[in-house]
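**Student:**
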Amino acid sequence: HWLLAIVQHPSGIYSEVFEAFDIDERKVEEQLQAQLEKYKTGCQTVPGLSAHTVTMMQNALMCATIEFHEEQVNCIQLLFAYLSDDTLVNMMNVISAELDKVEPSRLVAMKEHVGDGGNNTSKATSSSNSALNQFTTDLTEQAKAGKIDPVIGRDNEIRLMIDILLRRRQNNPILTGEAGVGKTAVIEGLAQKIVDGDVPPALHDVAIKSLDLALLQAGAGMKGEFENRLKNLIREVNESSQPIILFIDEAHGLIGGGGQAGQGDAANILKPALARGELRTIAATTWAEYKKYFEKDAALTRRFQVV
1 HWLLAIVQHP
11 SGIYSEVFEA
21 FDIDERKVEE
31 QLQAQLEKYK
41 TGCQTVPGLS
51 AHTVTMMQNA
61 LMCATIEFHE
71 EQVNCIQLLF
81 AYLSDDTLVN
91 MMNVISAELD
101 KVEPSRLVAM
111 KEHVGDGGNN
121 TSKATSSSNS
131 ALNQFTTDLT
141 EQAKAGKIDP
151 VIGRDNEIRL
161 MIDILLRRRQ
171 NNPILTGEAG
181 VGKTAVIEGL
191 AQKIVDGDVP
201 PALHDVAIKS
211 LDLALLQAGA
221 GMKGEFENRL
231 KNLIREVNES
241 SQPIILFIDE
251 AHGLIGGGGQ
261 AGQGDAANIL
271 KPALARGELR
281 TIAATTWAEY
291 KKYFEKDAAL
301 TRRFQVV
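Letter 286 of the sequence shown, counting from 1, is numbered 286 in our numbering, and no numbers are missing.
1. Which two residues bound the contiguous alpha helix (DSSP H) that contains N156?
2. Buried or exposed: which applies to V46, given that a residue is buried once 16 or more other Cβ atoms fall within 10 Å of its Cβ?
3. Can you grab the Cα-Cα spacing for the pair D85 / M56, in whole Å?
4. Applying the criterion that 16 or more other CB atoms from any shown protein chain within 10 Å of the CB defines a buried residue, is Q217 buried or exposed?
5. Could you check the C-alpha separation between F226 and M92 for me, to the nearest Å?
6. Taking DSSP's pairing of strands, which residues face E247 in a bridge?
7. Please state whether DSSP places N74 in a helix, a strand or coil.
8. Measuring only the C-alpha atoms, how far is V28 from V102?
9. Where does D138 fall in DSSP's three states?
10. Assuming A266 contacts N172 under a Cβ cut-off of 8 Å, what Cβ separation, rounded to an integer in Å, is found between them?
11. So is A81 buried or exposed if we call it buried at 16+ other beta carbons inside 10 Å?
12. How close, in whole Å, do the beta carbons of V195 and K144 come, if the pair is a contact with beta carbons under 8 Å?
13. For A275 and R303, I'd like the C-alpha separation in whole angstroms.
14. Alpha carbon to alpha carbon, what distance is there between L230 and I269?
15. Given a cut-off of 8 Å on the beta-carbon distance, is the pair T281 and I248 in contact?
16. To the nearest angstrom, how far is it from the Cα of A298 to the Cα of G277?
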C-alpha cells in the first residue's frame, strides 16, 4: 500500500529514479495493484503496522541522518531502506521485478540530482531545520529585543572574558562555579555589551548562541546520529557569514560524556574543531566537574582558560 501510494503520488516523486534505472512506471503500478488484489478485504480488527514496516522506517531514519545527512526522512530514503533489507528485497522480487532494478548504492550517489524526494518544504523551512536554529538560542538577539535583564556586579568577569576571547591562543573562556552563582548571567551581560557596542571592534558583529544540550541529545539514540548532529552544528558555525561564539552550559555533560550513548566521542569531535579555530566557545561548569573532566585532559586545558 505504501509503495503504491508513493508511485501514484501526483508530484511524480519517483519519476527521476525510474528514469535513471530504466523502470517502466506503469508496469510497477500494475504489479503492485495486482499484489494488493490478492489480500483479503473487510478486516474487522484495528489495522496495525507490520514488523517489516517498522524496521523499514527505522532504517530510513538512520539512512537520512547518516547517508544523506538530512534531518527529515523522505520517500527516496524509504526506498533506500526498503532495498537495503534482504527480507524485504526477497518480497520485492515476488511483488515487482521492475523495482528490483533499483540499486541502493546509486540512490545515495545520485542524491544531489534527484528532487526533494517528496519533501515539499521550502528553502526557508530547510533553513529553520538547520542545526543552529534547532539546537541553539541567540542571546544577542534576545538582548536586542530587551529580553535580558541588566547584569550588575559582574563587570570584572565580563572584561576578563573579553580579554580571553581576543587572544590568539587559549581563547575559549570557561566559567566555573556552583549552580546558581550567576554563570549564565555573565554570558547574558556579555551579549548585552555586544549589542550596546561596549566591546572592542573585533567583537562588534559577533553573535552569542547558547547550545541546548537536552535538545541536541533528544532522540539521538541511533549510533552515529548524535555525532552527526554535533558535526553539522560545528560546520554551520564555521560556515556562518556572521562570527558565532557558542555558549555551552553544563559543558561537562558534553565533554565528559554525561552518561549519554555516543557522547564519549563528543570531546574527540570538539578538540580538533577548537584546535583549528573552527569553533569559538564559552563553556560553563562547576569547579568539581572542571577538575574531573577538563583539568585531566591536556588538549582541553590548552584550549580553555578558567574564569
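Heads up, the beta-carbon is just placed ideally off N, CA and C, and yes, glycines get one too.
**Tutor:** According to the structure data:
1. Where N156 is concerned, the enclosing alpha helix (DSSP H) stretches over D155 to L165.
2. It is exposed - the Cβ of V46 has fewer than 16 other Cβ atoms within 10 Å.
3. Linking D85 to M56 through their CA atoms gives a straight-line distance of about 8 Å.
4. Result: buried.
5. Taking the straight line from one Cα to the other gives about 33 Å.
6. Going by the sequence as given, residue 247 is Phe instead of Glu. According to DSSP, F247 bridges with S210 and I282.
7. Correct three-state label for N74: coil.
8. Their backbone Cα atoms lie some 12 Å apart in a straight line.
9. Residue state, collapsed to three classes: strand.
10. The beta-carbon distance between A266 and N172, rounded to whole angstroms, is 15 Å. This is too long to meet the 8 Å contact definition.
11. Looking at its Cβ environment, which holds 16 or more other Cβ atoms inside 10 Å, A81 is buried.
12. Cβ atoms of V195 and K144 come within 8 Å of each other, at about 5 Å.
13. Rounded to the nearest angstrom, the gap between the Cα atoms of A275 and R303 is 7 Å.
14. Near 8 Å, if we compare the C-alpha coordinates of L230 and I269.
15. Judged by beta-carbon spacing, I248 lies within the 8 Å limit of T281, meaning their Cβ atoms are closer than that value.
16. Straight through space, the alpha carbons of G277 and A298 are spaced by roughly 17 Å.
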